[in-house]
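For reference, the structure is listed below as structure tokens.
Number of protein chains: 2
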Amino acid sequence: METKAPRITDVARLAGVSTATVSRALSKPETVAESTRNAVLMAAEKTGYRVNLSARNLRRQRTGAIVVLVPNLGNPFFSEILAGIETALSEVDINMLVVDTRQAHSKPQLVLEYLHATRADGIIALDGSLPDEILAVASSGTGAPPIIFACEWTPKGMFSSVRANNTCGASLAICHLAGLGHRQIGILTGPDDNVLSHTRSAGAKREMAERGLELDPAHAFSGDFSLESGARAAQAWLELAHRPSALFCQSDQMAFGFISELARNGVFVPDDVSVVGFDDIDIARRFIPALTTVRQPRKELGLHAAKMLINHVGTSTSPAIETTILEVELIVRGSTRAAGD
Amino acid sequence: METKAPRITDVARLAGVSTATVSRALSKPETVAESTRNAVLMAAEKTGYRVNLSARNLRRQRTGAIVVLVPNLGNPFFSEILAGIETALSEVDINMLVVDTRQAHSKPQLVLEYLHATRADGIIALDGSLPDEILAVASSGTGAPPIIFACEWTPKGMFSSVRANNTCGASLAICHLAGLGHRQIGILTGPDDNVLSHTRSAGAKREMAERGLELDPAHAFSGDFSLESGARAAQAWLELAHRPSALFCQSDQMAFGFISELARNGVFVPDDVSVVGFDDIDIARRFIPALTTVRQPRKELGLHAAKMLINHVGTSTSPAIETTILEVELIVRGSTRAAGD
DNA sequence: AACCTCTATGTAATCGATTGCACTGCAACG
DNA sequence: CGTTGCAGTGCAATCGATTACATAGAGGTT
Chain A
1 METKAPRITD VARLAGVSTA TVSRALSKPE TVAESTRNAV LMAAEKTGYR VNLSARNLRR
61 QRTGAIVVLV PNLGNPFFSE ILAGIETALS EVDINMLVVD TRQAHSKPQL VLEYLHATRA
121 DGIIALDGSL PDEILAVASS GTGAPPIIFA CEWTPKGMFS SVRANNTCGA SLAICHLAGL
181 GHRQIGILTG PDDNVLSHTR SAGAKREMAE RGLELDPAHA FSGDFSLESG ARAAQAWLEL
241 AHRPSALFCQ SDQMAFGFIS ELARNGVFVP DDVSVVGFDD IDIARRFIPA LTTVRQPRKE
301 LGLHAAKMLI NHVGTSTSPA IETTILEVEL IVRGSTRAAG D
Chain B
1 METKAPRITD VARLAGVSTA TVSRALSKPE TVAESTRNAV LMAAEKTGYR VNLSARNLRR
61 QRTGAIVVLV PNLGNPFFSE ILAGIETALS EVDINMLVVD TRQAHSKPQL VLEYLHATRA
121 DGIIALDGSL PDEILAVASS GTGAPPIIFA CEWTPKGMFS SVRANNTCGA SLAICHLAGL
181 GHRQIGILTG PDDNVLSHTR SAGAKREMAE RGLELDPAHA FSGDFSLESG ARAAQAWLEL
241 AHRPSALFCQ SDQMAFGFIS ELARNGVFVP DDVSVVGFDD IDIARRFIPA LTTVRQPRKE
301 LGLHAAKMLI NHVGTSTSPA IETTILEVEL IVRGSTRAAG D
């Protein structure tokens, strides 16, 4: 029953031409005569021919796939980025391999597997905190496929990247709060070793400094971008003798955790505290209160990264390092209000 | 500078053996003498050899990858399932290709590309509403790789699947509300053509019937699992002359949209209405109010589907159709309370 | 008519690893 | 001592498509 999949020779025989012609008719149609081309297409149709990608890739010395390194697949923040990447890739017939890097630090070997040209034609890393040994291989240029960082990046600046304007986003958040009259503004940061944390903190502090505000060390909370770390910050916040009137959370998820935990303890946003988030994930506009936040163009980040990578893959010479920064936007909603009643 | 990637012959030469031996030493270590094996391993190490997957796959007649068809990558509900799949696959060295099927209905050709053995060794479909022409190809058994539905499934029952006990979940939701004294219970369903919608509706209705409750057609709202469709349902709900005191939402996202839009109009959950969701996505426990919902074991769904698929891939004979149903759990939180004050 | 150009096609090498089959040599057995 | 068995290894075919190079033939030029 199970008949063998048709090969290119089957099509060639049926069309009465050589395999070379079939191959050309399918991948470089303009190089064969129209009549021949039609015959080939009909034969391909009739046999139900599909090119064997392993064979093609072997011959063409490529894999037809790029891998995306995701820090945590369970985090909804990344899904839109993936969607953007997928959109760009599907146009050029490249597959998207998704790999979760949660284990990268404990088992770098596992991720290293992907850093070889035999695995993927390119890499998009959404994770800026890859272990050094992985980065070393990636930048060595020996057999490692081109790599582009999206969203996060490495401080060393050895790789191309696409990012949102995090500094500006942090400024916008502080501007907004300061504009509402808040003078005691707290910050809830991401992981200490994360480049986004640093950039956003620096942006926020600079903006505060320019306005003559100061960040009280007691008002700097440290989280890890997750819901629960936001809730933990809320507990710390509740214990403060002297509470700030506003908080800049470096991710929406932390903002939700924070607001939620406060509410559980009878403290409400925005009446008692104003909160600004970062990312503008889908639920932000439907949270209660709707979250004022800095929107990152997530889909565009993915699209752009994929397009850059596609260009890199095309050129054999290792291309210059380029950095693209996409603009962010402050979305004012219900979680912030004027200070002091 | 750019030296060629080492091939198996390079390793063979360095180790002083044939390529056959190298190949065996690496993939079936027990078949070569220990001394030879060590020599090969050292040579492989020294040359930095990586097997060329295209070549291996061509020869072995497989692709080393499975594709996951996701209805909507932007929806956070799917991310944990993907994480589960990835976990299972990484153990057996199979890659995960992720494809968004949002365009499947307009361009089935695009998805059909993946339904050939040359693309993937197997398929996990998270989308139960694939176009018929795709299902036809998938079930034809001719050259199409094995396919397993996870979470959603096709009513025709021609494919293996892993699902949550949706009927039971709906029952639990209704039980809970009825137990709190609610007699007028509304339902917000998913898309009309979706198997989850039907199953959950049927389960809910059966449970209501057993308790002598009836579903007023005016209290049946129809959505599409998204936040915004929940908000639209809220608007419809607000216009009702006679409002039910509780609502069973077939997804958490819809519940959030519903609750949020009500709040915007001065109607509050759970004081004015009780709401039960379905899925228990991460944010559910941090929403305000925290959402009472039916938990689906999302990660396990993914894990299980991947394991089933791995088994199917192993056996050449097309295996029997099997259905695994994972149990759900009602998580009672703050969005429900006793009826009538 | 001789020569050149250019298009369309075919021939066959090639990509790199796997594996069926054949072979070698050593150990065990009668 | 002659067989037999078996573990270990090598030889070479094979997976299926691509493409450099060769070639045939049409059409144009002098």
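As they're listed, the protein sequences go chains A and B.
Read in order, the letters of the first sequence correspond to residues 1 to 341 in UniProt numbering.
Read in order, the letters of the second sequence correspond to residues 1 to 341 in UniProt numbering.
Ideal Cβ placement from N, Cα and C applies to all residues, glycine included.
Out of the options, state which residue places its alpha-carbon closest to the alpha-carbon of residue i.
| i | options | result |
| --- | --- | --- |
| A:Leu73 | A:Gly64, A:Ser90, A:Val98 and A:Arg59 | A:Val98 |
| B:Arg285 | B:Ser160, B:Ala255, B:Gly169 and B:Ser226 | B:Ala255 |
| A:Leu262 | A:Arg243, A:Asp280 and A:Phe278 | A:Arg243 |
| B:Cys151 | B:Pro131, B:Thr19, B:Asp10 and B:Ala305 | B:Ala305 |
| B:Arg50 | B:Leu291, B:Ile8 and B:Ile331 | B:Ile8 |
| B:Arg333 | B:Ile310, B:Lys307 and B:Ala290 | B:Ala290 |
| A:Val92 | A:Met308, A:Arg206 and A:Pro6 | A:Met308 |
| B:Gln235 | B:Ala88, B:His182, B:Arg183 and B:Asn265 | B:Asn265 |
| A:Ala65 | A:Ile94, A:Ala33, A:Glu239 and A:Thr87 | A:Ile94 |
| A:His198 | A:Cys168, A:Lys28 and A:Thr101 | A:Cys168 |
| A:Met96 | A:Lys107, A:Ser106, A:Pro108 and A:Tyr114 | A:Tyr114 |
| B:Ser260 | B:Leu188, B:Leu227, B:His176 and B:Ala33 | B:Leu227 |
| B:Gly157 | B:Ala138, B:Ile321, B:Leu330 and B:Val328 | B:Ile321 |
| B:Arg337 | B:Cys249, B:Thr154 and B:Asp271 | B:Asp271 |
| B:Phe248 | B:Asp10, B:His176, B:Leu89 and B:Ser27 | B:His176 |
| A:Gln61 | A:Gly212, A:Val68, A:Asp10 and A:Thr118 | A:Thr118 |
| B:Val137 | B:Phe159, B:Phe78 and B:Leu112 | B:Leu112 |
| B:Ala233 | B:Gly212, B:Arg206, B:Glu210 and B:Ile187 | B:Ile187 |
Give me the Cβ distance between residue i and residue j, rounded to the nearest whole Å; I'm assuming they're in contact under 8 Å.
| i | j | result |
| --- | --- | --- |
| B:Ala173 | B:Val276 | 4 Å |
| A:Val70 | A:Asp127 | 7 Å |
| A:Ala170 | A:Ala204 | 4 Å |
| A:Leu14 | A:Ala43 | 4 Å |
| B:Phe225 | B:Gly190 | 5 Å |
| B:Asp280 | B:Thr293 | 5 Å |
| B:Ile85 | B:Ile124 | 6 Å |
| A:Val267 | A:Ser335 | Not confirmed; about 13 Å, so no contact. |
| residue 359 of chain B | B:Asp193 | Within the shown structure, residues of chain B are numbered from 1 to 341, placing residue 359 of chain B beyond reach of any answer. |
| residue 345 of chain A | A:Gln250 | Nothing can be reported for residue 345 of chain A: it is not among the residues displayed for chain A, which extend from 1 to 341. |
If I measure Cβ to Cβ from residue i and keep anything under 6 Å in the same chain, skipping five residues before and after, which residues do I get?
| i | result |
| --- | --- |
| A:Thr323 | Ser161 |
| B:Pro146 | Gly122 and His312 |
| B:Ile81 | Arg298, Leu301 and Gly302 |
| A:Val40 | Ala15, Val22 and Ala25 |
| B:Glu329 | Arg295 |
| B:Thr63 | Asn57, Ala120 and Asp121 |
| B:Pro155 | Val195 |
| A:Arg200 | Asn166, Ala170 and Gln250 |
Could you name the residues of the same chain whose beta carbon sits closer than 7 Å to that of residue i, not counting the 5 residues immediately before and after it, in chain order?
| i | result |
| --- | --- |
| A:Ser229 | Gly223, Met254 and Gly257 |
| B:His182 | Ser245, Ala246, Ser274 and Ala339 |
| A:Thr87 | Leu303 |
| A:Pro131 | Ala104, His105 and Pro108 |
| A:Gly48 | Pro6 |
| A:Pro76 | Ile281 |
Please list, in chain order, all residues of the same chain as residue i whose beta carbon is under 8 Å from its beta carbon, the five residues on each side excluded.
| i | result |
| --- | --- |
| A:Met208 | Ile174, Ala178, Ile185, Glu214 and Leu215 |
| B:Met1 | Only weak support is given to the placement of B:Met1: the predicted model assigns it a pLDDT of 42, under 50, and the question is left unresolved by the model. |
| A:Leu110 | Gln103 and Ala104 |
| A:Leu326 | Val162, Arg163, Ala164, Asn165, Gln296, Pro297, Glu300, Leu301 and His304 |
| B:Ala5 | Arg50 and Asn52 |
| B:Ser18 | Ala12 |
Is it the case that the CB of residue i approaches a heavy atom of the ligand MG more closely than 6 Å?
| i | result |
| --- | --- |
| B:Thr292 | As for the ligand MG, it is missing from this structure, which has no ligand bound. |
Can you give, in chain order, each stretch of the alpha helix (DSSP H) that sits fully within the region 115-186 of chain B and has at least 4 residues? 132-140 and 166-179
Selection of the region 89-107 of chain B by Cβ proximity to chain A, strictly under 9 Å: Ser90, Asp93, Asn95, Met96, Leu97, Val98, Val99, Asp100, Arg102 and Gln103
Runs of beta strand (DSSP E) wholly within the region 265-309 of chain B (minimum 3 residues, chain order): 274-279 and 292-295
Got a sec: which bits of the region 188-213 of chain A sit with their beta carbon under 8 Å from any beta carbon on chain B, in order along the chain? none
Under 7 Å (Cβ pairs) to chain A, residues found in the region 260-282 of chain B: Ser260, Ala263 and Asp282
Completely contained alpha helix (DSSP H) runs for the region 40-92 of chain A, where each covers 4 or more residues: 53-60 and 79-90
What are the complete beta strand (DSSP E) segments, minimum 3 residues, inside the region 201-259 of chain B? 220-222 and 246-249
Could you list the residues in the region 116-135 of chain B with a C-beta less than 8 Å from some C-beta on chain A, going in chain order? His116, Ala117, Thr118 and Arg119
What residues in the region 291-309 of chain A bring their beta carbon closer than 7 Å to a beta carbon of chain B? none
Counting only Cβ-Cβ distances shorter than 8 Å, please list the residues of the region 325-339 of chain A near chain B, keeping chain order. none
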